[in-house]
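Chemist: Position one of the sequence shown corresponds to residue 1 (UniProt numbering), numbered consecutively onward.
Glycine residues also receive a C-beta, built at the ideal position from the N, C-alpha and C atoms.
Pasting in a structure now, in structure tokens, and then I'll have a few things to ask.
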Amino acid sequence: MTIRVVLAEDNLLVREGVRQLLATDCSIDVVAAVGDVDELRDVCERERPAVVVTDIRMPPTHNDEGIQFATELRTRHPEIGVVVLSQYSDPSYAIALLDDGSDGRAYLLKERIHNRAELTGAIRAVAAGGSVVDSGVVVGLVHARSESDHSPLKELTVREREVLSEIAQGKSNMAIADSLFLTKRAVEKHINAIFLKLGLANAEDVSKRVAAALMLLAEPGGTQHTPTPH
Numbered sequence: 001m002t003i004r005v006v007l008a009e010d011n012l013l014v015r016e017g018v019r020q021l022l023a024t025d026c027s028i029d030v031v032a033a034v035g036d037v038d039e040l041r042d043v044c045e046r047e048r049p050a051v052v053v054t055d056i057r058m059p060p061t062h063n064d065e066g067i068q069f070a071t072e073l074r075t076r077h078p079e080i081g082v083v084v085l086s087q088y089s090d091p092s093y094a095i096a097l098l099d100d101g102s103d104g105r106a107y108l109l110k111e112r113i114h115n116r117a118e119l120t121g122a123i124r125a126v127a128a129g130g131s132v133v134d135s136g137v138v139v140g141l142v143h144a145r146s147e148s149d150h151s152p153l154k155e156l157t158v159r160e161r162e163v164l165s166e167i168a169q170g171k172s173n174m175a176i177a178d179s180l181f182l183t184k185r186a187v188e189k190h191i192n193a194i195f196l197k198l199g200l201a202n203a204e205d206v207s208k209r210v211a212a213a214l215m216l217l218a219e220p221g222g223t224q225h226t227p228t229p230h
């Protein structure tokens, strides 16, 4: 089934470059490409795409229009997925995007647009209701929070932190197993341990668990220490 996509990017060269990149994938149809939030809002009402791929900053304020629009869409058209492209690896932006739920949301660094597989993979993930957070953001976040005395991440083993990073990238258990050279059963065991330690064992689904974990990791930390592998 073809995934209908609306692209929003104020830089014409970047916009056309991404459009041409996506055009090489026959399963994705870019139905419109716009340069500001007002145009984006109008075209979404008209076209009702499956996914919006948007820059994080656009006219008129060049602040965080992409994230604000994703929040707006959650209320008006929750079925539309959003992939936010950003040059900022600061995890606070990803946390803001996932604040009202991670289902159908992805946060990718702009450098990923040169990798068609990563971009189209994120589009497919959010179209299916999944979530993706750029590995560069997640790894930095997990590392920083794991060194906080007030973070439950200090209870995680080195391997569990690796698995958590893979989960937050939207990978399936099998994909995690392949990436970390583990059996699927071992991955499932690590995942159960992770969410138990983070107090998330009773969450209803994986996407909500990932969002809750990211927000937990983003809490202000305390003094620094060197984590001891378990």
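Does the distance from the CB of residue 113 to the CB of residue 153 come in under 9 Å?
Modeler: Not a contact, by the Cβ cut-off of 9 Å.
Chemist: Which residue or residues does DSSP assign as beta-bridge partners of residue 108?
Modeler: DSSP lists 85 as partners of residue 108.
Chemist: Rounded to a whole number of angstroms, what is the C-alpha to C-alpha distance between residue 48 and residue 60?
Modeler: Their backbone Cα atoms lie some 23 Å apart in a straight line.
Chemist: Can you look up residue 135 in the DSSP assignment and give me helix, strand or coil?
Modeler: Helix, per DSSP.
Chemist: Could you tell me the boundaries of the beta strand (DSSP E) in which residue 42 lies?
Modeler: Run containing residue 42: none in the beta strand (DSSP E); it sits in the alpha helix (DSSP H), 37–47.
Chemist: For a quick check, are the C-beta atoms of residue 89 and residue 134 less than 9 Å apart?
Modeler: Yes, the Cβ-Cβ distance between residue 89 and residue 134 is below 9 Å.
Chemist: Rounded to a whole number of angstroms, what is the C-alpha to C-alpha distance between residue 123 and residue 189?
Modeler: If you take the alpha carbons of residue 123 and residue 189, they lie about 29 Å apart.
Chemist: In angstroms, rounded to a whole number, what distance separates the CA positions of residue 97 and residue 87?
Modeler: C-alpha separation (whole angstroms): 15 Å.
Chemist: When DSSP builds the beta bridges, which residues end up paired with residue 4?
Modeler: 29.
Chemist: Measuring CA to CA, which of 42, 63, 118 is closest to residue 83?
Modeler: Closest by alpha carbon: 118.
Chemist: Helix, strand or coil, according to DSSP, for residue 55 in the structure here?
Modeler: Three-state DSSP puts residue 55 in a strand.
Chemist: Taking the C-alpha atoms as reference points, what is the distance between residue 115 and residue 26?
Modeler: So the two alpha carbons sit approximately 16 Å from each other.
Chemist: If residue 15 and residue 22 are in contact, beta carbons under 8 Å, what's the gap, nearest whole angstrom?
Modeler: Their Cβ separation, rounded to whole angstroms, is 11 Å, which puts residue 15 and residue 22 out of contact at 8 Å.
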